[in-house]
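One structure is given here, and the rest of the page talks about it.
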Amino acid sequence: MPLRLAALLFSLIGFNLAMADSPADRWNLADLYSSVDEWNVDASRLEAQMKELATCKGHLGDSAARFKKCLDLQADIGKRFRRMIVYSSEQLAEDTGAAAYLELSQRTEVLDARLNEASSFMDPEILRLGKERIARFLAQDASLKQYRHPLDEILRLAPHTLDSGGESLIAQFGLMSGAGRSAYSILTNADIPWPAIKLSTGEEVRLDASAYTKYREAPNRDDRKHVMDAFFGAFKIYERTLGVMLYSQLKEGSVFARVRKYPDSITRALDARRVPVAVIDMLIAQTNANLPTLHRYFRLRAKILGVPQMQYYDIYPPLVHSDIKFPLATAKQLVLEAVAPLGQDYVATMDKGFNNRWMDAYPRKNKLSGAHMAGFAYDVHPYVLMNYNDDYASVTTMAHEWGHAMHSHLANHAQPFVTANYPIFIAEIASTFDEQLLLDRVLKTAKNDDERLLYLGSALEGLRATFFRQAMFAEFERSVHALVDRGEPLAGAGVTKIYCDILKRYHGAAEGVVGIDDAYCVEWAYIPHFYNPFYVYQYATSIAASSLFAQKVGSGEPGALQRYLDLLRAGGSDYPYELVKSAGVDLASPAPYQALVARMNTIMDEIESILAKRK
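For the sequence shown, counting from 1, position 28 maps to 81 in my numbering; every step adds exactly one.
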């Protein structure tokens with residue numbers, strides 16, 4: 054008989070009370086490979102498999118059996134290589150200063166380019182076979198069923214796929230594409246002489262990107278202005294150069310759209326996963342329709358901060374200062390209790406990961422900053438990187454990343470390798486859903502209104518940053534890509550003007566909601582995601598989807614929980630927009646965006662109620 058959930062929470066957790074950064078708090082990459090030598094063995098196998106794959110060229114259509122053998126070989130290559138990628142990338146994440154780890158990562162990049170070239174004949178040859186012949190193969194061999202969706206993804210792109218020579222040429226150009234992105238990375242991470250400033254505390258800081266994200270939250274308002282003035286002033290100096298870099302990336306997208314016979318860059322980018330352009334259009338329309346809610350948040354923020362009018366440099370300081378500490382063991386317990394509504398199996402698997410070194414928890418010298426989840430090692434388990442800091446922000450980050458980890462675990466166990474990997478369009482649903490569950494959990498036991506304000510304020514800022522800010526970026530991208538698609542020139546100053554108009558509209562500058570100095574309109578140059586076209590909109594659509602899923606599950610709508618878990622288990626077995634729609638949320642409709650806005654207003658209602666009691 055299965056354990057009761059309450060018993061599971063208290064008997065299976067087994068919290069680790071060891072000192073920070075003990076071996077138990079670091080991930081175990083030996084689950085992937087016991088050593089680099091073992092990794093090298095798989096690299097040799099990969100070399101042999103690439104040669105074997107070459108024998109498939111021109112023979113995919115010989116028979117259903119030969120067709121399956123070649124597809125199985127390609128899948129095995131992909132599965133092996135992804136495991137290798139996780140090992141090499143996470144070794145480097147452990148110590149970005151280790152030359153041996155950097156070399157291993159670079160070897161992986163070279164292998165990636167070679168694999169792309171070695172398999173470049175596959176798609177054109179599948180297209181030559183055609184739908185009817187492949188349908189006959191599928192009918193002859195039931196074991197080919199797992200390839201039905203991946204094959205459909207290839208066949209439906211027939212109008213946009215070149216012959217084998219053309220595809221091979223594009224694959225070879227893979228090492229040359231992204232020059233704008235590469236130059237941007239070097240300039241902003243290594244070459245810009247970041248300014249040094251002196252804060253009101255007497256502390257002197259060098260304002261690189263990492264320091265900017267820290268000190269823009271400074272409690273002293275003059276310090277915040279000083280930080281923003283200096284940081285964006287550095288970008289302004291290089292506005293012309295940065296404009297050339299972005300324009301180069303935009304032109305590359307426009308060229309590939311024409312080569313692939315798409316009408317424009319956005320259609321090509323979204324068609325990779327058959328996401329309707331109507332999704333972005335609805336996102337932008339709904340965001341603009343609900344700007345009054347965003348403006349309400351800014352006015353509330355001004356009230357809490359005690360400033361007469363919000364300025365752009367007032368956006369980042371936390372609404373409530375808190376000295377509450379959340380040790381790692383406490384965070385694990387809170388997250389486990391938060392996800393209890395998702396069922397006993399979900400909780401037990403997460404607990405297993407906590408206690409079996411799936412996570413590298415604490416910051417260290419040369420460790421990669423931030424947080425991420427790597428779920429590509431299909432036959433192993435997900436890996437979570439944290440830089441845990443004993444604060445509530447770290448707890449929410451843990452809930453977020455473990456939402457990703459559980460998504461990968463469920464998909465990897467429910468799907469064959471070829472349909473297990475899910476796209477970003479779905480990925481952020483699982484992570485933000487678990488964040489909502491965490492908020493529900495901590496509010497239940499908050500000891501006082503100050504603690505409630507900490508949690509509510511954190512959630513509110515998360516909704517602003519993840520929904521409204523990312524939607525703003527999407528609107529900016531739509532504008533600049535469309536301009537370049539039309540063949541119009543675009544310099545740095547022009548990019549700044551386009552961004553400035555959108556930035557001020559979203560923040561209600563004309564209505565006196567948030568004052569924005571024109572000097573801050575070069576902020577577009579600070580956003581690296583613009584070098585990955587039409588990517589960030591998915592953060593906004595995902596958190597909108599998770600808001601509606603949470604509403605449905607929380608209200609006890611019949612079948613809602615099962616449909617949500619089935620979505621996670623579905624991995625990449627169908628097109629992402631269709632998977633989400635089948636689970637009950639249509640992202641081309643207003644409903645999910647309205648659910649998010651309603652949630653945001655509910656949180657603000659509660660905050661205002663707390664503030665009213667203090668008058």
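The beta carbon of each residue, even a glycine, is placed where N, CA and C say it ideally should be.
*Among the residues of its own chain, which have a CB less than 6 Å from the CB of Arg-505, if the five just before and after it don't count?*
Cβ neighbours of Arg-505 within its own chain (closer than 6 Å, five residues either side excluded): Ala-499.
*Hey, could you find the ends of the alpha helix (DSSP H) Arg-560 is sitting in?*
Before going on, a small fix: residue 560 reads as His here, not Arg. No alpha helix (DSSP H) holds His-560; DSSP gives it neither H nor E.
*Compare the C-alpha of Pro-177 against each of Ser-196, Glu-143, Thr-214 and Ala-107 and name the closest.*
It is Thr-214 whose Cα lies nearest to the Cα of Pro-177.
*Closer than 6 Å by C-beta to Tyr-265: which residues in its own chain qualify, once you throw out the five before and the five after it? Chain order, please.*
Closer than 6 Å at the Cβ level, and outside the excluded window around Tyr-265, lie Phe-284.
*Which whole-angstrom value describes the C-beta separation of Leu-99 and Leu-164, a residue pair presumed to lie in contact below a C-beta threshold of 8 Å?*
About 7 Å separates the two Cβ atoms, so the contact holds.
*Cβ pair count under 8 Å reaching 3, the stretch 452-464 against the stretch 93-110*: Inter-segment contact for the stretch 452-464 and the stretch 93-110 is absent: fewer than three beta-carbon pairs are separated by less than 8 Å.
_CA-to-CA distance, Ile-207 to Met-103, given in whole angstroms_ = For Met-103 and Ile-207, the distance between alpha carbons rounds to 21 Å.
_In chain order, each alpha helix (DSSP H) run of at least 4 residues that lies wholly inside the stretch 198-265_ = Listed in chain order, the complete alpha helix (DSSP H) runs (minimum 4 residues) inside the stretch 198-265 are 201-208, 217-225 and 232-239.
*Since Pro-586 and Ile-479 are thought to touch, with beta carbons under 8 Å apart, how far apart are those beta carbons, to the nearest angstrom?*
Contact doesn't hold; Cβ gap of about 19 Å is too wide.
*Just tell me which of Val-567, Leu-204, Ala-593 and Ser-173 has its CA closest to the CA of Gly-183.*
It is Leu-204.
*How long is the line joining the alpha carbons of Thr-383 and Asn-442, rounded to whole angstroms?*
Using only the alpha carbons, I get a separation of about 12 Å.
*Between Ala-393 and Asp-487, is the Cβ-Cβ spacing less than 8 Å?*
No, the Cβ-Cβ distance between Ala-393 and Asp-487 is not below 8 Å.
*Under three-state DSSP, which class holds Asp-570?*
In the structure shown, Asp-570 sits in coil (DSSP, three-state: anything other than H, G, I, E or B).
*Distance, Cα to Cα, Gln-397 vs Met-459?*
Each residue's alpha carbon lies about 13 Å from the other.
*asked:* Within 10 Å of its beta-carbon, does Lys-251 have 16 or more other beta-carbons around it, so buried, or fewer, so exposed?
replied: With fewer than 16 other Cβ atoms within 10 Å, it is exposed.
*Do Asp-367 and Arg-277 have their C-beta atoms closer together than 8 Å?*
Yes; because the gap between Cβ atoms is below 8 Å, this pair is in contact.
*Collapsed DSSP secondary structure at Leu-56 in the structure displayed*: With a pLDDT of 31 at Leu-56, under the threshold of 50, the modelled position of this residue cannot be trusted, and the question is left open.
_On a Cα-Cα basis, can you pick out the residue from Tyr-508, Arg-354, Leu-421 and Asp-261 that is closest to Phe-379?_
When C-alpha distances from Phe-379 are compared across Tyr-508, Arg-354, Leu-421 and Asp-261, the shortest belongs to Tyr-508.
*Go through its chain and collect everything with a Cβ distance to Pro-329's Cβ below 8 Å, but skip five positions before and after it.*
Apart from sequence neighbours up to five positions away, the residues of its chain that approach Pro-329 with a beta-carbon distance below 8 Å are Leu-323, Tyr-630 and Ala-641, ordered along the chain.
*Taking contact to mean at least 3 C-beta pairs separated by less than 8 Å, is the stretch 538-554 in contact with the stretch 289-301?*
Touching, yes, given that three or more Cβ pairs across the two stretches are closer than 8 Å.
*Within the stretch 582-622, note down every full alpha helix (DSSP H) run reaching 4 residues or more, in order along the chain.*
Every alpha helix (DSSP H) stretch that sits fully inside the stretch 582-622 and reaches 4 residues is listed by chain position as 590-607 and 613-622.
*asked:* As a quick exercise: from Lys-385, Tyr-579, Ala-430 and Met-525, pick the residue whose alpha carbon is nearest that of Gly-131.
replied: For Gly-131, the closest C-alpha among the options Lys-385, Tyr-579, Ala-430 and Met-525 is that of Ala-430.
*asked:* Please state the DSSP three-state secondary structure of Ala-342.
replied: Correct three-state label for Ala-342: helix.
*Val-388 by DSSP, collapsed to three states: which one?*
Here Val-388 sits in helix by DSSP.
*Helix, strand or coil at Gln-364 [DSSP, three-state]*: It is a strand residue.
*What is the residue span of the alpha helix (DSSP H) that His-466 lies within?*
Per DSSP, the unbroken alpha helix (DSSP H) holding His-466 starts and ends at 445-467.
*What number of angstroms, rounded off, separates the C-alpha of Asp-90 from the C-alpha of Ser-235?*
If you take the alpha carbons of Asp-90 and Ser-235, they lie about 31 Å apart.
*asked:* Given this structure, state the Cα-to-Cα distance separating Asn-440 from Ala-578, to the nearest angstrom.
replied: Between Asn-440 and Ala-578, the C-alpha separation is close to 26 Å.
*Put Asp-376 into one of helix, strand or coil per three-state DSSP.*
The answer is coil: DSSP assigns Asp-376 none of H, G, I, E or B.
*Applying the criterion that 16 or more other CB atoms from any shown protein chain within 10 Å of the CB defines a buried residue, is Ala-603 buried or exposed?*
By the Cβ-count criterion, Ala-603 is buried, with 16 or more other Cβ atoms from all chains shown falling within 10 Å of its own Cβ.
*Hey, would you say Gly-625 sits closer than 8 Å to His-348, going by beta carbons?*
No; because the gap between Cβ atoms is not below 8 Å, this pair is not in contact.
*Measure the alpha-carbon distance for Thr-655 versus Thr-594 and round it to whole angstroms.*
Near 20 Å, if we compare the C-alpha coordinates of Thr-594 and Thr-655.
*Does the stretch 119-129 come close enough to the stretch 407-422 that 3 or more CB-CB pairs lie under 8 Å?*
Three or more Cβ pairs closer than 8 Å define a contact, and the stretch 407-422 falls short of that threshold against the stretch 119-129.
*Skipping 5 residues on each side, what residues in its chain have a beta carbon closer than 7 Å to that of Ala-598?*
Ile-482, Val-633, Val-638, Leu-640 and Pro-645, listed in sequence order.
*Excluding sequence positions up to five away, which residues of its chain have a Cβ less than 6 Å from the Cβ of Glu-292?*
Closer than 6 Å at the Cβ level, and outside the excluded window around Glu-292, lie Gly-545 and Val-575.
_Please identify the residue among Asn-81, Ala-651, Ser-230 and Gln-225 whose C-alpha is closest to the C-alpha of Phe-174._
The shortest Cα separation from Phe-174 among Asn-81, Ala-651, Ser-230 and Gln-225 belongs to Gln-225.
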